[in-house]
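Top line first, the protein sequences correspond to chains A and B.
If you read the first sequence in the UniProt record's numbering, its first letter stands for residue 1, the second for the next number, and so on.
If you read the second sequence in the UniProt record's numbering, its first letter stands for residue 1, the second for the next number, and so on.
Each remark here refers to the structure printed beneath this line.
There are 2 protein chains.
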Amino acid sequence: MKELVFGHKSPDTDAVVAAKAFSYLQNQLGYDTEAVALGELNDETKFVLQHFEEPAPRIISAAKPEVDAVMLVDHNEAQQSVADLKDVQITHVVDHHRIANFETAAPLYYHAEPLGCTSTILFKLFKQNEVTVPAKLAGLMLSAIISDTLLFKSPTTTPEDEAAVKALAEIADVDYQKYGLEMLKAGTNLASKTEQELITADAKSFEMGGKTVRINQVNTVDLNEVFAREAKLRTAIEAENKAQGYDLFLLMVTNILDSNTRLLVVGEPQDVVEKAFNTKLVDNKADLPGVVSRKKQVVPPLQAAF
Amino acid sequence: MKELVFGHKSPDTDAVVAAKAFSYLQNQLGYDTEAVALGELNDETKFVLQHFEEPAPRIISAAKPEVDAVMLVDHNEAQQSVADLKDVQITHVVDHHRIANFETAAPLYYHAEPLGCTSTILFKLFKQNEVTVPAKLAGLMLSAIISDTLLFKSPTTTPEDEAAVKALAEIADVDYQKYGLEMLKAGTNLASKTEQELITADAKSFEMGGKTVRINQVNTVDLNEVFAREAKLRTAIEAENKAQGYDLFLLMVTNILDSNTRLLVVGEPQDVVEKAFNTKLVDNKADLPGVVSRKKQVVPPLQAAF
Numbered sequence: 001m002k003e004l005v006f007g008h009k010s011p012d013t014d015a016v017v018a019a020k021a022f023s024y025l026q027n028q029l030g031y032d033t034e035a036v037a038l039g040e041l042n043d044e045t046k047f048v049l050q051h052f053e054e055p056a057p058r059i060i061s062a063a064k065p066e067v068d069a070v071m072l073v074d075h076n077e078a079q080q081s082v083a084d085l086k087d088v089q090i091t092h093v094v095d096h097h098r099i100a101n102f103e104t105a106a107p108l109y110y111h112a113e114p115l116g117c118t119s120t121i122l123f124k125l126f127k128q129n130e131v132t133v134p135a136k137l138a139g140l141m142l143s144a145i146i147s148d149t150l151l152f153k154s155p156t157t158t159p160e161d162e163a164a165v166k167a168l169a170e171i172a173d174v175d176y177q178k179y180g181l182e183m184l185k186a187g188t189n190l191a192s193k194t195e196q197e198l199i200t201a202d203a204k205s206f207e208m209g210g211k212t213v214r215i216n217q218v219n220t221v222d223l224n225e226v227f228a229r230e231a232k233l234r235t236a237i238e239a240e241n242k243a244q245g246y247d248l249f250l251l252m253v254t255n256i257l258d259s260n261t262r263l264l265v266v267g268e269p270q271d272v273v274e275k276a277f278n279t280k281l282v283d284n285k286a287d288l289p290g291v292v293s294r295k296k297q298v299v300p301p302l303q304a305a306f
Numbered sequence: 001m002k003e004l005v006f007g008h009k010s011p012d013t014d015a016v017v018a019a020k021a022f023s024y025l026q027n028q029l030g031y032d033t034e035a036v037a038l039g040e041l042n043d044e045t046k047f048v049l050q051h052f053e054e055p056a057p058r059i060i061s062a063a064k065p066e067v068d069a070v071m072l073v074d075h076n077e078a079q080q081s082v083a084d085l086k087d088v089q090i091t092h093v094v095d096h097h098r099i100a101n102f103e104t105a106a107p108l109y110y111h112a113e114p115l116g117c118t119s120t121i122l123f124k125l126f127k128q129n130e131v132t133v134p135a136k137l138a139g140l141m142l143s144a145i146i147s148d149t150l151l152f153k154s155p156t157t158t159p160e161d162e163a164a165v166k167a168l169a170e171i172a173d174v175d176y177q178k179y180g181l182e183m184l185k186a187g188t189n190l191a192s193k194t195e196q197e198l199i200t201a202d203a204k205s206f207e208m209g210g211k212t213v214r215i216n217q218v219n220t221v222d223l224n225e226v227f228a229r230e231a232k233l234r235t236a237i238e239a240e241n242k243a244q245g246y247d248l249f250l251l252m253v254t255n256i257l258d259s260n261t262r263l264l265v266v267g268e269p270q271d272v273v274e275k276a277f278n279t280k281l282v283d284n285k286a287d288l289p290g291v292v293s294r295k296k297q298v299v300p301p302l303q304a305a306f
């Protein structure tokens, strides 16, 4: 019986690649799966797929019309997943995030590790199952790891992520340093984007203390270029909060060259944000030096502060 | 930094053994852990530890006074875990149950598979990490698998469980068929138990449709011996429901020789139980032929009916 495999909404490179990698692995092990995506691909992911001549996945908005069971990668929280998740059985999850707002009626396969990238975990699962990673898939997987770890600059990076990139680079025959920087820059082409795109591209929702918190992160090589559009960004976020019912919106603008983030905070409660990061918001903004990881440096302190 | 490793409240053989096995494995991998238990051991588990001359684990009622972080085995739902679970970090989970009422603030190691026993999963993790299972631990682990699968009669049994028992029996030098039946019978010595013991020994709580559902299972070789005490069991359950705030209590009395269960149901809603098992309760009781597994044959249909 066919199953769909997918990563989170607002897919990033790992969400797309991990779905392809896990689907490939499971098919080798005898399952019948198809990797799909829950939304339009971002510029970085498009660059990656083009570079390795890999077709883009089909985009779905509901699972139940097609299948009875699904496999999740790179996420588990229901609000980050397909809209009708509760109508299908989840048989497998491979992830590297915290677990929250996730529930099943029956036992399942669930494998999570606190590593920098789902694709690193998948590389280990290929080895455990003695399945060879094809060269093209190796290129995609090392791209996902470089994307999630910002070329090993993120504090989420583990020695296993670095080792996986090096091993995959040999299989794919790629100069990962040179290619990795090109790839990251391809994802920072912000000038061509609308404000709406900038606030939704990689956005995720979290339930914290009864509030719906929306957090988006955009990578850049020039903070000033982004904040020149601050007034319009703010207006777009206010409209988005109202339309979607978000209580609090954090826009993380991260400089990938020096690994610092400037935060733009719209909605309430603002004091919880100040408490979480031990800072004062000035004009709804705060600089967070050394912060590049939503998962490791933003969500946990915010959750604790709530 | 030391961590505690433990299975669920009302510990059964797998809860105790899996904690010992995972603690041993993690210590081999460089962690500093101690296996503990969340309550008194049952007769079967005492028989197992005595047989393999293994000391009983220390019993704890709170984790935070001793450690900042814990590892869970054989469970994940908060109501089945240590009372102060929310005050400590969960760094690892190894389990074979559904996931529910489980949440973390940070990423973690979580490995679950839909196999018959946590100890089967652990046996695989020993192999993956190239850690040898000592003979005594092999005896404990095969006992846990035989306990959870009722010597392979439970529908939760997978080929991996059987293969693990056979491999562990070679390491431990045990005739697992003969030993397994002895062990299961040691766990059915119900005559010496009070009604209170019979309704709490292996009990677990579940949140379903806003109700707190308590389910206990006792194994026997003679249903009539148990139901001769029905009136007293019913009184004990009514008192327990009132004292603990349970809405609905299901006592599964399972004949391990012919693999049938008789259900005694106290509390409300009774019609949901009838719907779940497509049966009529007569005098609060129903026979469920072929039902031996709470996890696979009772919780999922009940959850669905709610």
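All C-beta atoms, glycine included, are put in the ideal place defined by N, C-alpha and C.
One question on the structure: do A:A78 and A:I99 come within less than 8 Å of each other, judged by their Cβ atoms? By 1-based counting over the first sequence, the position of residue 78 of chain A is 78. By 1-based counting over the first sequence, the position of residue 99 of chain A is 99. Not a contact, by the Cβ cut-off of 8 Å.
Assigned exposure category for B:T194 - 16 Cβ within 10 Å defines buried: Working through the second sequence from its first residue, we reach residue 194 of chain B at position 194. Around the beta carbon of B:T194, fewer than 16 other beta carbons sit within 10 angstroms, so the residue counts as exposed.
Buried or exposed (CB count within 10 angstroms, at least 16 for buried), A:P55: Residue numbering aside, residue 55 of chain A sits at position 55 when the first sequence is read from its first letter. Its Cβ having fewer than 16 others within 10 Å, A:P55 is exposed.
Please classify B:Q217 as buried or exposed, where buried requires at least 16 neighbouring CB atoms within 10 angstroms. The residue labelled residue 217 of chain B in the question sits at position 217 within the second sequence. Buried is the call here.
I'd like the span of the alpha helix (DSSP H) that includes B:D258, first residue to last. Translated into the one-based positions of the second sequence, residue 258 of chain B becomes position 258. Bounds of any alpha helix (DSSP H) do not take in B:D258, whose DSSP letter is neither H nor E.
For B:V36, which residues of its own chain have a beta-carbon under 6 Å away from its beta-carbon, when the five flanking residues on both sides are left out? Start at 1 with the first residue of the second sequence, and residue 36 of chain B comes out as number 36. Excluding positions up to five away in sequence, the list reads L4, F6, P57, R58 and I60.
Any beta-carbon of chain B closer than 8 Å to the one on A:L103? Residue numbering aside, residue 103 of chain A sits at position 103 when the first sequence is read from its first letter. Before going on, a small fix: residue 103 of chain A reads as Glu here, not Leu. True, the Cβ-Cβ gap to chain B drops below 8 Å.
Hey, how far is the Cα of A:T91 from the Cα of A:D148? Locating residue 91 of chain A in the first sequence gives position 91, counting from the first residue. Locating residue 148 of chain A in the first sequence gives position 148, counting from the first residue. Cα to Cα, the separation comes out at about 25 Å.
Under the three-state DSSP convention, the category B:S205 falls into: The sequence position of residue 205 of chain B within the second sequence is 205, counting from 1. If DSSP states are grouped into helix, strand and coil, B:S205 belongs with the strands.
Interface residues of chain A facing B:Y109 [CB-CB closer than 7 Å]: Taking the second sequence and counting its residues from 1, one reaches residue 109 of chain B at position 109. Those are A112, E113 and P114, listed as they occur along chain A.
I'd like the list of long-range same chain contacts for A:D12, defined as Cβ closer than 6 Å, with 5 residues on each side in sequence excluded. Reading the first sequence from its first residue, position 12 is the one you call residue 12 of chain A. Cβ contact annotation for A:D12 (same chain, cutoff 6 Å, sequence separation greater than five): D202, in chain order.
Given this structure, state the Cα-to-Cα distance separating B:F249 from A:L72, to the nearest angstrom. Start at 1 with the first residue of the second sequence, and residue 249 of chain B comes out as number 249. Start at 1 with the first residue of the first sequence, and residue 72 of chain A comes out as number 72. Those two C-alpha atoms are separated by around 34 Å.
Can you tell me which residues form a DSSP beta bridge with B:Y246? As a working note, residue 246 of chain B is residue 246 in the second sequence. Beta-bridge pairing links B:Y246 to no other residue.
Quick one: list the residues of chain A neighbouring B:H96, beta-carbon separation under 8 Å, in chain order. Residue numbering aside, residue 96 of chain B sits at position 96 when the second sequence is read from its first letter. B:H96 reaches chain A at P107, counting residues in chain order whose Cβ is nearer than 8 Å.
Which term fits A:L29, buried or exposed, when burial requires 16 or more other beta carbons within 10 angstroms of its beta carbon? For the purposes of this step, residue 29 of chain A is identified with residue 29 of the first sequence, where counting begins at 1. Exposed, by the Cβ-count rule.
Measure the beta-carbon distance from B:V93 to B:L108 and round it to whole angstroms, keeping in mind my assumption that it falls under 8 Å. Translated into positions along the second sequence, residue 93 of chain B becomes position 93. Translated into positions along the second sequence, residue 108 of chain B becomes position 108. Confirmed, Cβ separation roughly 7 Å.
At 4 residues or longer, what runs of the alpha helix (DSSP H) sit wholly inside the stretch 94-161 of chain B? Within the stretch 94-161 of chain B, the runs of alpha helix (DSSP H) that reach at least 4 residues and sit entirely inside it are, in chain order, 118-128 and 135-149.
With a threshold of 8 Å between beta carbons, is B:P300 in contact with chain A? Sequence index remark: in the second sequence, residue 300 of chain B carries index 300 (1-based). Yes, B:P300 lies at the interface with chain A (some Cβ there is under 8 Å from its Cβ).
Measure from the C-beta of B:A100 to each C-beta in chain A and report whether the shortest distance is under 8 Å. The residue you call residue 100 of chain B lines up with position 100 of the second sequence. Chain A has a Cβ within less than 8 Å of the Cβ of B:A100.
Compare the C-alpha of A:K136 against each of A:P155, A:Y24 and A:K232 and name the closest. Here residue 136 of chain A is taken as the residue at index 136 of the first sequence, counted from 1. Minimum Cα distance to A:K136 is reached at A:Y24.
First through last residue of the beta strand (DSSP E) which encompasses A:K285: Taking the first residue of the first sequence as 1, we reach residue 285 of chain A at position 285. Segment K285 to L288, the beta strand (DSSP E) holding A:K285.
Please list the partners that B:A304 has in chain A, where partner means a Cβ-to-Cβ separation under 7 Å. As a first step, residue 304 of chain B is located in the second sequence; it is residue number 304 there, counting from the start. Neighbours of B:A304 on chain A, chain order: A105.
Do we get a CB-CB distance below 8 Å when we pair B:K193 with the residues of chain A? Reading the second sequence from its first residue, position 193 is the one you call residue 193 of chain B. By the rule that beta-carbons nearer than 8 Å mark a contact, B:K193 does not touch chain A.
B:V221 and B:T188 closer than 8 Å at C-beta: Translated into positions along the second sequence, residue 221 of chain B becomes position 221. Translated into positions along the second sequence, residue 188 of chain B becomes position 188. Contact: yes.
Just the Cα atoms here: how many angstroms apart are A:M252 and A:V165? Numbered from 1 along the first sequence, position 252 holds the residue referred to as residue 252 of chain A. Numbered from 1 along the first sequence, position 165 holds the residue referred to as residue 165 of chain A. Roughly 26 Å between the two C-alpha positions.
B:D14: buried (16+ other C-beta within 10 angstroms of its C-beta) or exposed? Here residue 14 of chain B refers to the residue found at position 14 when the second sequence is read from its first residue. With 16 or more other CB atoms across the displayed protein chains lying within 10 angstroms of its CB, B:D14 is buried.
Quick one: is B:K2 near chain A, going by C-beta distance under 8 Å? Taking the first residue of the second sequence as position 1, residue 2 of chain B is located at position 2. Answer no: the Cβ-Cβ gap between B:K2 and chain A never drops below 8 Å.
Please report the Cβ distance between B:L181 and B:L140, rounded to the nearest whole angstrom; I am assuming they are in contact, meaning their Cβ atoms lie under 8 Å. As a first step, residue 181 of chain B is located in the second sequence; it is residue number 181 there, counting from the start. As a first step, residue 140 of chain B is located in the second sequence; it is residue number 140 there, counting from the start. Between B:L140 and B:L181 the Cβ distance is about 17 Å, and since that is not below 8 Å, they are no contact.
Which bits of chain B does A:Q128 rub up against, with CB to CB less than 7 Å? Mapped onto the first sequence, residue 128 of chain A falls at position 128. Under the 7 Å cutoff, chain B gives Q128.
Nearest candidate by alpha-carbon position, reference A:Q80, set A:V131, A:A144, A:I215 and A:S259: Within the first sequence, the letter at position 80 stands for residue 80 of chain A. When A:V131, A:A144, A:I215 and A:S259 are compared, the shortest CA-CA separation from A:Q80 is found for A:I215.
Would a check of beta-carbon distances place A:K295 closer than 8 Å to chain B? Within the first sequence, the letter at position 295 stands for residue 295 of chain A. With respect to chain B, the C-beta atom of A:K295 has a partner C-beta closer than 8 Å.
If you follow the alpha helix (DSSP H) that B:I199 is part of, which residue opens it and which one closes it? Your numbering for residue 199 of chain B matches position 199 in the second sequence. E195 to T200 is the span of the alpha helix (DSSP H), which, as asked, contains B:I199.
Quick one, which of B:F206, B:I256 and B:L115 has its alpha-carbon nearest B:E160's? By one-based count along the second sequence, residue 160 of chain B stands at place 160. Here the closest residue by C-alpha is B:L115.
Through-space distance from B:N224 to A:Q244, alpha-carbon basis: One-based indexing of the first sequence puts residue 244 of chain A at position 244. One-based indexing of the second sequence puts residue 224 of chain B at position 224. Rounded to whole angstroms, A:Q244 to B:N224 spans 59 Å at the Cα level.
Where B:G210 falls, given that 16 or more other Cβ within 10 Å makes a residue buried: Within the second sequence, numbered from 1, the residue matching residue 210 of chain B stands at position 210. With fewer than 16 other Cβ atoms within 10 Å, it is exposed.
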